[in-house]
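The next block holds one structure in the form of structure tokens; read it before the comments.
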Amino acid sequence: MKAWRGPAAATAALVLAAGCAAPDSGLAAARRHLAGRGPITFVQASDEAGVATRQVIEAWNRLHPDQRVTLRQFGDVDELHDNLVHHFKAEDADYDVLGADVVTIAEYAAHRWLQPFKGGYSLDTSPLLEQTVATARYQGTLYAAPFMTDAGLLYYRKDLVPRPPRTWRELRGYCEIARKRRMGCYAGQFAKYEGLTVNVTEAVAAAGGSFVKSDGTTPSADTPAAREGLSLLVDAYRSGDIPAEAITYQEEEGRHAFEAGKLLFLRNWSYVYPLANSDGASVVKGRFGVTTLPGVDGPGRTALGGQDNAVNVYSKHKATARDFVIYLQSPDVQRKLLVEQGQPPVVKSLYHDRSLLDDPALGYLGALERSIATATERPVTPFYPAVTQAISDNAYAAIKGGKPAGEALDDIQAAIRAATSEQ
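For the sequence shown, my numbering gives the first residue as 98, with consecutive numbering after it.
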């Protein structure tokens with residue numbers, strides 16, 4: 098899973114987020130076409146849809162010739178987000194099922210652009226991981242159907258480290274091993290982009306802090322817990338335990354450094370596991386392990402990634418759309434997407450399937466389930482583009498030493514307050 102690059106889409110989204118009061122048209126549209134059936138369009142970012150996704154859609158179409166699904170893809174999640182917003186504002190029914198990054202659900206739901214799954218239009222979420230269901234809710238209502246998930250994992254050199262670290266103190270205690278071998282100790286995604294928001298959110302959550310309260314609008318960055326969390330990264334960078342070059346790393350730069358034997362520890366997503374064990378250039382094949390992220394007093398907390406599928410409130414074929422999102426959550430479909438496409442499932446039972454757990458290519462499944470079980474979310478707010486930009490800009494300055502951690506958090510607090518007050 099690659100992190101959503103929300104700041105690139107911030108201009109359009111901030112205009113929309115300035116007024117979260119839902120239009121009456123959204124309320125009226127939610128009552129229409131609930132029994133509508135017919136062909137539908139499923140929109141998704143192109144980097145999230147592989148061959149297995151297309152095969153799953155083809156299988157649906159063979160069984161439902163009068164309710165065929167057409168897949169439409171966009172270059173990346175930013176392009177998808179901006180295109181969806183354009184169609185929503187026009188009350189366009191062309192898109193029916195929307196494959197949305199989990200952090201955009203609050204924004205879309207706040208404007209009542211998504212069909213709520215309630216009453217006669219509800220979904221059975223009991224087979225799904227509870228944490229993934231939480232990403233699909235906004236203010237207590239289910240607005241989306243979890244489809245794929247992901248969580249941050251700690252990759253470590255098991256041939257060099259006697260046991261995986263559970264805390265930041267333990268991790269940094271191992272950095273002497275890296276120094277003796279002239280390796281970098283720890284890296285994540287520390288370039289100034291959405292991935293940094295993810296990493297900082299995880300560090301702050303590890304210390305018990307957050308950036309936005311549960312109402313989605315009140316900032317909570319000016320707390321001792323948030324300062325302790327951000328300081329974990331600031332101090333590690335200042336000491337060299339996070340190497341200087343890691344300030345430029347996104348997901349792929351970190352993966353390549355780890356595969357080249359340049360890092361003792363790497364925070365990254367689950368997709369790294371099979372690649373590090375199969376890439377021809379990887380020197381760490383069979384020499385690394387994977388575990389949960391470190392915390393302050395025990396295991397840390399990851400920020401969930403992934404995609405939720407939602408139904409456009411203006412769709413005219415909502416019954417077909419609902420059946421299709423349920424189909425995409427079925428164990429058989431989820432298994433196929435995991436095995437053939439490496440897509441982490443949202444169905445609980447698959448994490449206990451012995452045939453999957455014994456598959457060497459899926460050796461990360463146990464750690465992934467443990468990470469998801471205690472996961473946090475990136476700030477749940479209709480103002481996410483502004484919030485993530487405030488976090489990444491100021492946290493980047495603090496990590497590089499451009500401003501103290503306390504000042505960076507004060508600036509994040511002020512920026513979030515300013516963004517969420519523009520209603």
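By construction, the Cβ of each residue, glycine as well, lies at the ideal position given by its N, Cα and C atoms.
query                                                                                                                          : result
Per-residue DSSP class, three states only, for alanine 119                                                                     : Because alanine 119 carries a pLDDT of 47, less than 50, the predicted location of this residue cannot be relied on, and the following value inherits that uncertainty. Note: alanine 119 maps to coil in three-state DSSP.
Inter-stretch contact at 8 angstroms, needing at least 3 Cβ pairs: the segment 344-364 / the segment 240-252                   : yes
Separation of arginine 169 from glycine 135, as counted between CA atoms                                                       : 17 angstroms
Own chain, CB closer than 8 angstroms to leucine 239, minus 5 neighbours either side, in chain order                           : Pro213, Phe214, Lys215, Ser219, Leu220, Thr222, Val230 and Ala233
Distance between beta carbons of tyrosine 235 and isoleucine 202, contact taken as under 8 angstroms                           : 6 angstroms
Isoleucine 137, enclosing beta strand (DSSP E) - first and last residue                                                        : 137-142
Exposure of threonine 167, with buried meaning 16 or more beta-carbon neighbours within 10 Å                                   : exposed
Helix, strand or coil at alanine 343 [DSSP, three-state]                                                                       : helix
Cβ distance (whole Å) where aspartate 198 is taken to contact valine 174 below 8 angstroms                                     : 5 angstroms
Residues near glycine 351 in its chain [Cβ-Cβ closer than 7 angstroms; skip 5 each side]                                       : Ala284, Gly285, Gln286, Leu363 and Asn365
For valine 380, the three-state DSSP class (helix, strand or coil)                                                             : coil
Residues that DSSP places opposite arginine 364 in a beta bridge                                                               : Leu251
Between the CA atoms of glutamate 267 and tyrosine 522 - distance to the nearest angstrom                                      : Residue 522 lies beyond the residue range present for the chain, which begins at 98 and ends at 520; the question has no answer from this structure.
Spatial neighbours of proline 321 in its chain, beta-carbon cut-off 6 angstroms, leaving aside the 5 residues before and after : none
Ranges of the alpha helix (DSSP H) found wholly within the segment 276-364, counting only runs of at least 4                   : 291-303, 321-336 and 348-356
Spatial distance of glycine 270 from isoleucine 344 (CA atoms)                                                                 : 21 angstroms
Isoleucine 488 vs proline 316 beta-carbon contact at 8 angstroms                                                               : no
Alanine 511 versus glycine 217: straight-line alpha-carbon distance, rounded                                                   : 42 angstroms
Minimum C-alpha distance to serine 122 - residue among Pro442, Leu454 and His208                                               : His208
Cβ shell of valine 430 (< 6 angstroms), same chain only, five flanking positions each side left out                            : Val153
Cross-strand partners of arginine 269 (DSSP beta bridge)                                                                       : Bridge partners of arginine 269: none, in fact.
Three or more C-beta pairs below 8 angstroms linking the segment 408-421 and the segment 432-440                               : no
Local Cβ density within 10 Å of glutamate 291, reported as buried at 16 or more and exposed below that                         : buried
Buried/exposed call for aspartate 394, threshold 16 Cβ in 10 Å                                                                 : exposed
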